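Written out below as structure tokens is the structure these notes cover.
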Amino acid sequence: MTENISVDSTINDTPSIKKNQAFLQCQKLINRYVITVGRTQKKIFESCYDSPDSENFVKDDFFNMSRIDEHCSLCIHFAKSFERSAICLEELIKAWTNLIQSLQQDYNPKTREAIQASHSLVNFIIGFCLLEAKYRLEDWQLLGIFLEKEKPNIKKAPFTAGYLLILECFELVYLFHTATDADKQILIADEVLAKLAEICKDDRRTFLYTQSKSILRSVLVLSSRLPNSDIKKYNDPIYQREMEVSHATSILRSYDSDYLKGNFSPIQNKMKSSDAFLKSCMAFVDYMEISMSYCWDCWDVGLLREAESSSIALWRNNLIFGNAYWTLRSLSFLFFLKSSNTYDSHLVEKVAQCLQALLTPATSSSNYYLLTPKRNIRPSVFRRGSAVDDSFDLGASVSDNNFEDEFLAQEMSSMSIYKGTIKERKHFNLEMHVSDCSCFFCVNRISNWAMALELDRLTLLFRRNTPMQFELFRNTLNNNYIQKTEKENHLAQRSVNSAHKQKEFKTPFLNGIINFDQTEDLLPAIKLTDNQFIPPLLINYLLRAISQSFVERSEEMLWDRNVLEDKNILDEAMKLFKQSSCKITNRAIWLLLRHFARVQLSGDKFLSTNCSPTKINAAHRDLSDYGNLFFREWRQRCAHFLIRNRYTQFMRTYTYNNMPHEYAWTVAFYHIESMTPSMRQLARTLLLRKKAHKIRTDSKDTNQQQDLCLNNPAHTFTFKNIDHFKSLIERLPPEITFVNISLDEENVLWMTRCHAANEPTIIRLCKLERDDPMLARMSEILESSDLSVRKSLYVPQDPDEKSDNEIERDKEHSLISPEIPAKKQTEQELQKAKEFWGERKKLDEQLKVLIGDLQHKWLGAAAPLLLPPAVDVEDNQRVVTRLMGLGVFSFPTLTLLLQLYHFISEEDWIKLSELLRANETQSNRTIAHSTMSRIAQIIKQGSIKSTRKCYTLLVVPPALSHLPWECLPIFDQSPYVMRLPSFHIFEYLCTLEQEIKEIPKMVDGRNSFYILNPSGDLANTQKRITDFVGQFNWTGLIGEVPTRDQIRLALTESELFLYIGHGSGGRYWRSTVRETDCNAVSILMGCSSIKIHDEGPGFDGRSALYEYLIARCPCVVGCLWMVTDGEIDRFFMALMEYCFMESPKSDSKSKNKKMISSKSQPNVQETQNNSIKTESFKLFTEAIVKARLSCKLPYLTGASVVAYGLPVAAAMDAILKMNV
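Letter 502 of the sequence shown, counting from 1, is numbered 502 in full-length UniProt numbering, and no numbers are missing.
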């Protein structure tokens, strides 16, 4: 590097500047800064790429958090690279100020020219400050002043069209943020939309035009958060944010392509021009800010996977780039993310180790640590009960059984793999820094409020938001940042500096990492003046800390708080919102805190069921005004609050006959709208991504490009209002009954039953205990099942099984020792087999008993409501008229009892009638037995039973998705059960807005594609299934990993997709499924292939299932937990035989079966005259029930297989030919 930086010629050609000592000092300091930063960057880059292994890790495997040693090593090298590199920019700023003052003292034409020339130096200084996050210009009043001063210049000097466009866009941004009401903001948003369409139509790809798009999209993100915003007009906010990130990425790439590629990006290369350098720094900061906003937006709606991948990418890029603040901020966010949900929660300690490595003190603190309290990560709804909870230690058994791939091990397990139980978890810690520590972070904390704020927040995260640390954090922000903010200081900077210089901080570093236990002299509450500017980041962190503390307290009841104190905190938060410039940006927190402020406290939980009508109506307005937004925490809490209060209000005030008829529809609307908001958000976003990709690849037409820019969603995955919900239910085919099982904050189980011919029925089933016995038993069964499989390297043959077709394992999987004689080997093998199968059959019987108890204890008399109607009301009007004449039941209840009578015993029918009567009236009077017998007799003699097959579409919450609901005894009467994540997914799959043409959906089995054993380690399964599928002449791959194109083609062109291997196969094709328009019914025969991995309360979990349904897969069949390969192979073959083989009805077990081959072309007339009578179709759900019976363990294996999606059926070959 040269001794002096290259500066503008206007400076070098000015003698008064060249001889000025202040200028020379300023230039010297800039040179020193650049040299120091450049050396630091070089050290960091060399440590990242010091070997081929390191380079491969950074570029290809950085996202693999199991390689924690490499991550920590990079963080340590990063911290060491900054030793002795701390430079005080305040000194540089002071030097530049002295330069201007010295020139102004001797003012003349030459010095005026020198002053103007020296202003270019400030570009470098501002660029340095932006890179280190020292200054953040986010004040809309300041923007207004700039725009006002710039207007006269437009008339005086010619400007480029791009610059004028930028000014116009900023003018719209300013008007939007300073508008006083939502109506004005909507009008401005319409102008923004029109301007964006105009820019997209122009399609110039210059820097300024791209930046204009980014600016306008930032407004549209916020426009979608206005009350009653039209999501189809302003688009999905997450998708808009992704497009904003894309524009910011393009701009940054044009200035610094090395940064995004992970290449060496030294600061020296950017110093050739002060203007270019400043623009490059602005592009970098814009990209980082927008990317972090995207991470927080994803967190608010529950898209943890997207937030995680984005934060890891930022962490990696900033490590290589050598930016300390953004490295800390992205890693801090990742730590927050991992510590706030239960998915992969064992990685929290690994991220904590990286933070410890990054913040290693320069001076030893005698091993004093900020200890993490022994408080669990925010738990699942049930600490022990949920079988998908991270509370089961599989320990070394994973590696003992050759499950080396951690991803595979977790995918296959019935339980989420976790290194150590909750009680035994090693609590991570952070080493304290002494008060005079000279590490980079300690030094920069003094002069950089943003760095200090990030470290303060990190302390709060490490202390897991405990009451004491929350109070310390809150008071630190109030006193050291907010109250000291001055009107004229828009950056909240000087007050922090002066506070440090005057040693006003009581805790010397990180505001709690040293002496975190000190609690003396707690600071007073916040006091605000009307005109203060407070940085939005500071407000965001404070309000998120407040909301998180209330969320955790309301669920765990850990804090014994004073009601008045809580009210003061909430009032403080709402006052901050009113005073801040980021109300719409923090809409998710605003809504959640409004909810907490609205509800009354019951003990220490926000679960009031007796609020005033004013508060109930206000909550309903919030849900109505912001119903298009999937803010998961607020949405679910608000809906559950309304459900409890509406239900209580109805039960206390009305009987069914005099209540408003909208009650049932209103409460059902709340229940269904509360389900799986994160999954619906993901579906909406992915659909827009696919639509944009299709427009890009299919057309270069200008109008098409404009459509790409706007790209409005075809499906919003929400109801417009209650009337819209009602119209969709009434459009349901008569064969479909929709049953929604939901679980509220209070752990109350609810059932909502919807059918086109009835008003919704809402039943409050029961309240589950936190350690519910049913869930504990299910968890223990699955744990024992997993262990029984993992303890053995093979599944032995059942010694009692005499079938010639018994499945045996490969020789290499045998546990027989060569040192034992052959006879003893056989005895040993048989004994192990007997013990193995004995244990598993015992578990199978336990699961059978558990399923019966589940129906009895949780559902009770309401269990028949899971069934579809057995009669059509239209065919039984005479019976309805007679029963209405008795005046015992309301019409909806009477209709329901009529529809279900033929499915259940008279005793169960009477219990159901009593339950329904109690659900609609306050009367406790029982109905006379003679009256009930008379009603039953009228139905029995006069009703006409329907002959068509009807289906139950069942929605269960993710926390209870591991339970085998389909095997409840009540479904013996009608086994046609399909699961769905929510009603909105059903509406999306079949488009209820239009007429449904086909239920069930027909599948031509001849058009199939299979993938068998892509991992190559299931030799027996490969042999069995290869021989079996060979009978059908299907196309497929055996023992090889498919390409993305092969997967894409199989899902879009085939009608049946079969996967037989480990897990769901997602480890091979990753995101390919979500990118397709899936046409194929997908059968995933692998352990836990469609298990929903728990992420904690308020989240929808992760599952390969979601990928298929979002891709519009008609039906997905898979396993909920771990199964043995021999058993699941047996199940699969039975399923295929039932669906795609013809057999005489008189002998269903006959081996005289006729294949439906892809190459067979039977004559239609011959088929009609054949003595073998065939049905027109065979239901997959019915085939699943039949296949369960083929298993040795019909519950432990058979009950694990369930189907999600629409009812589908295998169309018989002859029938297909007739329809051609």
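Glycine included, C-beta positions come from ideal geometry on N, C-alpha and C. All figures in this text were calculated on a predicted structure; none of them were measured in a lab.
So, residue i versus residue j, is the Cβ gap smaller than 8 Å?
i	j	result
Val192	Leu216	yes
Phe630	Arg680	yes
Gly121	Trp96	A quick correction: the sequence has Leu, not Gly, at residue 121. Yes; because the gap between Cβ atoms is below 8 Å, this pair is in contact.
Pro266	Gln548	no
Tyr1068	Pro1042	yes
Phe641	His671	no
Leu843	Ser784	yes
Glu735	Arg979	no
Val1116	Phe1180	no
Leu1056	Ser1089	no
Leu687	Glu633	no
Leu430	Leu359	yes
Pro255	Leu682	First, the amino acid is wrong: residue 255 is Tyr here, not Pro. For Tyr255 and Leu682, no; Cβs fall outside 8 Å.
Pro957	Asp625	no
Asn919	Ile763	yes
I need the DSSP call for residue i, collapsed to helix, strand or coil.
i	result
Tyr1059	strand
residue 1230	There is simply no residue 1230 to check, as the chain begins at 1 and stops at 1220 in what is shown.
Trp449	helix
Trp858	helix
residue 1224	Coverage of the chain is limited to positions 1 through 1220, which leaves residue 1224 absent and any answer about it impossible.
Phe738	strand
Gly162	helix
Asn56	helix
His620	helix
Ile939	helix
Ile927	coil
Val1208	strand
Pro1042	coil
Ile44	helix
Asn758	strand
His715	coil
Arg253	helix
On a Cα-Cα basis, can you pick out the residue from the options that is closest to residue i?
i	options	result
Glu242	Tyr294, Asn269, Tyr255 and Phe462	Tyr294
Thr1124	Glu148, Met65, Ile910 and Asp786	Asp786
Asp875	Leu430, Pro1194, Leu347 and Ala757	Ala757
Tyr163	Phe207, Asp190, Ile944 and Ser345	Phe207
Thr459	Ser784, Gln268 and Arg329	Arg329
Thr1197	Ile1184, Val1208 and Cys1078	Ile1184
Ala1199	Leu894, Cys582, Asn1033 and Gln846	Gln846
Ser1103	Arg1112, His1093 and Leu593	His1093
Leu220	Ser332, Ile584 and Leu688	Ile584
Pro1014	Leu1037, Lys1178 and Met271	Leu1037
Met451	Tyr541, Glu431, Asp436 and Thr466	Tyr541
Ser982	Leu175, Phe719 and Asp908	Phe719
Lys945	His856, Tyr343, Leu226 and Pro868	Pro868
Trp909	Leu898, Gly1205 and Thr160	Leu898
Met1002	Phe1032, Val1208, Asp256 and Pro361	Val1208
Glu168	Lys184, Asp183, Leu894 and Ile188	Ile188
Leu768	Leu196, Ser779 and Leu743	Leu743
Whose C-beta lies closer than 6 Å to the C-beta of residue i among residues of the same chain, with five residues either side of it excluded?
i	result
Val348	Lys338 and Ser339
Phe146	none
So, for residue i: in the same chain, excluding its five sequence neighbours on each side, which residues have a beta-carbon less than 7 Å away from its beta-carbon?
i	result
Tyr259	Leu252, Ser265, Asn317 and Phe321
Arg205	none
Using C-beta distances below 8 Å, list every residue in its chain close to residue i, excluding the 5 sequence neighbours before and after it, in chain order.
i	result
Thr327	Phe78, Trp315, Asn318, Leu319 and Leu358
Gln855	Ala863, Leu968, Pro969 and Ile970
message = Restricting to runs no shorter than 3 residues, where is the beta strand (DSSP E) found entirely within the stretch 219-247?
response = none
Start-end ranges of the alpha helix (DSSP H) lying completely within the stretch 262-330, minimum 4 residues = 274-301 and 304-321
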